[in-house]
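Undergrad:
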Amino acid sequence: MRRPDRPFLAALLLAAPLCHSVLAADPPPEKRLELLERTVGEERERLQRLSRESEFQAHELETLRNRAIAVAASLQATEDSLTALERRLVELPDEMTTWASLHAALLSPLARDRRAPLGVGGPSRPIGDLEPIDLLLAYVHDESQRLRALGRVTREAGGILAALPSRLPLSSAVNSGFGLRRSPWTGEPEFHAGIDLAATTGTLVKAAASGVVRSVDRAGSYGNVVTLDHGRGVESRYGHLASIDVIPGQRVELDQRIGLTGNTGRSTAPHLHYEVLVAGKPVDPRQLIAR
Ligand SMILES: [Zn+2]
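Just remember that the working numbering sits 260 ahead of the position in the sequence shown, which is counted from 1.
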C-alpha cells in the first residue's frame with residue numbers, strides 16, 4: 261500500500277473542519293421526526309389542494325359539456341327553421357304568380373282611361389335561375405311597387421267618391437228615370453242621361469255638391485242649363501230652368517241656390533232635368549244618394 265504523501269494529508273487536515281460541520285448539521289432524531297411530520301403535513305396540504313383543483317376542473321368540464329349540448333340543440337333548431345324557410349321559398353314562385361295576377365285583376369279595371377300607367381305586372385326575368393333569396397327580394401320589391409300603385413288608386417277613388425253629389429237638387433218625385441226610356445215625343449226608345457224631378461215653375465234648385473260653375477247655357481234642348489264642376493272629373497247638370505242665379509267660374513257650396521225650375525228647352529212640362537257625369541259619362545244620380 262502506498263503511503264499518503266504530504267499534500268494529501270494537508271488537504272485532509274483542511275477538509276476536516278468542514279466534515280465536522282456537516283456532521284454537526286445532521287439533526288438529532290427528534291428534530292428529524294419533526295421535520296418529517298412537517299413534510300408530511302405539507303404533502304397532505306398539497307394533495308388537498310390538488311384534489312380541490314381537480315374537483316374544480318371536473319365542474320368546469322361539466323359546465324362545458326352542458327354548454328356544448330345547448331349549442332347543439334340551438335343548432336338543430338336553427339337548421340329546422342332554415343328547412344322550413346327553404347320549403348316556403350320553394351313555394352314562393354307560385355305565390356308570386358298568384359299575387360301578381362290578383363293585383364292585375366284589381367288594378368286593371370281602374371286603370372282604364374288613365375293618363376299615368378299604374379305599373380301593374382310581375383317580374384319580367386325568368387324566375388327559374390334565381391336563388392330563393394333573390395326571388396324573395398325581387399318579390400318584395402315588385403310587391404311594394406304594386407302596393408304603392410294600389411294606394412294611389414285608392415286615394416283617387418276616395419277623392420272621386422267624396423266629390424260625387426250625394427244629395428238631390430230638390431226633393432220631389434222622379435217623373436222619368438235614368439237610362440233607356442220611350443221618347444215622350446216620338447215614342448221611340450231613347451237614352452235618358454239623367455232623371456226628371458217633378459217641380460212646378462219657380463221651385464228652388466240647389467247645388468248637389470260644392471264646386472265651380474263650369475258653364476251656363478240658354479239655348480239648346482236643355483233650355484237654360486247650369487253645369488257644375490265638382491273636381492276629379494265629376495260634374496252635375498241642371499236643365500230646363502226658368503232662371504239662372506250663377507255665372508261661369510263662380511264657386512258654389514253644397515245646397516247653394518243656382519236657379520229656379522222652369523220649362524225651357526225640349527220639355528213637355530215644368531220639371532228639373534238633373535244629370536251627373538263622371539269623366540264625361542252620365543251615371544244614375546239616384547245611385548249616388550246617401551241613404
Ligand atoms: Zn230629363
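Ideal placement from N, C-alpha and C gives every residue a C-beta, glycine not left out.
Given the structure is predicted, the values throughout are model-derived calculations rather than measurements.
Smallest Cα separation from Pro-218: which of Val-538, Val-536, Thr-521?
TA: As shown, the chain starts at 261 and ends at 551. That puts residue 218 outside it, with no answer to give.
Undergrad: Whose C-alpha, out of Leu-428, Glu-313, Glu-303, is nearest the C-alpha of His-533?
TA: The shortest C-alpha separation from His-533 is found at Leu-428.
Undergrad: Tell me, to the nearest whole angstrom, how far the beta carbon of Ala-453 is from that of Pro-545; I am working on the premise that it is less than 8 Å.
TA: With 8 Å as the limit, Ala-453 and Pro-545 do not qualify as a contact, their Cβ atoms being about 10 Å apart.
Undergrad: Which whole runs of the alpha helix (DSSP H) in the segment 409 to 439 are 4 residues long or more, in chain order?
TA: Entirely contained in the segment 409 to 439, not one alpha helix (DSSP H) run reaches 4 residues.
Undergrad: Would you decide whether Ile-455 is buried or exposed? Buried here means 16 or more other CB atoms lie within 10 Å of its CB.
TA: So Ile-455 counts as buried.
Undergrad: I'd like to confirm something about Ser-443: is its beta-carbon nearer than 7 Å to some heavy atom of ligand 1, or not?
TA: For ligand 1, not one heavy atom lies less than 7 Å from the Cβ of Ser-443.
Undergrad: Find out if the Cβ-Cβ distance for the pair Ala-459, Leu-430 is shorter than 8 Å.
TA: The answer is yes: Cβ separation under 8 Å.
Undergrad: At the level of alpha carbons, what is the spacing between Leu-396 and Gly-491?
TA: Distance between the alpha carbons of Leu-396 and Gly-491: 41 Å.
Undergrad: Assuming the contact rule is C-beta atoms closer than 8 Å, Val-494 and Ala-423 should be a hit. Round their C-beta distance to whole Å, please.
TA: Indeed they touch by this definition, with Cβ atoms about 4 Å apart.
Undergrad: What is the DSSP secondary structure of Arg-374, reduced to helix, strand or coil?
TA: Summary for Arg-374: the model assigns pLDDT 48, below 50, so the residue's position carries little reliability, and this model does not support an answer.
Undergrad: Say yes only if the C-beta of Ser-503 is nearer than 7 Å to one or more non-hydrogen atoms of ligand 1, and no if none qualify.
TA: Every heavy atom of ligand 1 is 7 Å or more from the Cβ of Ser-503, so no.
Undergrad: For ligand 1, is there any heavy atom lying closer than 7 Å to the beta carbon of Ser-436?
TA: Yes - ligand 1 has a heavy atom lying nearer than 7 Å to the Cβ of Ser-436.
Undergrad: On a Cα-Cα basis, can you pick out the residue from Ala-360, Ile-518, Ala-333 that is closest to Thr-401?
TA: Looking at the sequence itself, residue 401 is His, so the reference to Thr does not match. That would be Ala-360, whose Cα lies nearest to the Cα of His-401.
Undergrad: Just to confirm my understanding: we take Val-434, look at its own chain, exclude 5 residues before and 5 after, and list those with CB closer than 8 Å. What are they?
TA: Around Val-434: Ile-455, Asp-456, Leu-457, Ala-458, Arg-546.
Undergrad: Roughly how many whole angstroms lie between the Cα atoms of Ser-503 and Gly-471?
TA: The alpha-carbon atoms of Ser-503 and Gly-471 are separated by roughly 20 Å.
Undergrad: Would you list the residues sitting across from Asp-456 in a DSSP beta bridge?
TA: BP columns for Asp-456 point to Ser-436, His-533.
Undergrad: Taking 7 Å as the line, does the beta carbon of Asp-515 fall inside it for any heavy atom of ligand 1?
TA: No, since every heavy atom of ligand 1 falls outside the 7 Å radius drawn around the Cβ of Asp-515.
Undergrad: Whole angstroms are fine: how far does the CA of Ala-333 sit from the CA of Arg-374?
TA: Its pLDDT being 48, under 50, Arg-374 is placed unreliably by the model, and the measurement read from it follows with that caveat. In a straight line, the C-alpha of Arg-374 is about 58 Å away from that of Ala-333.
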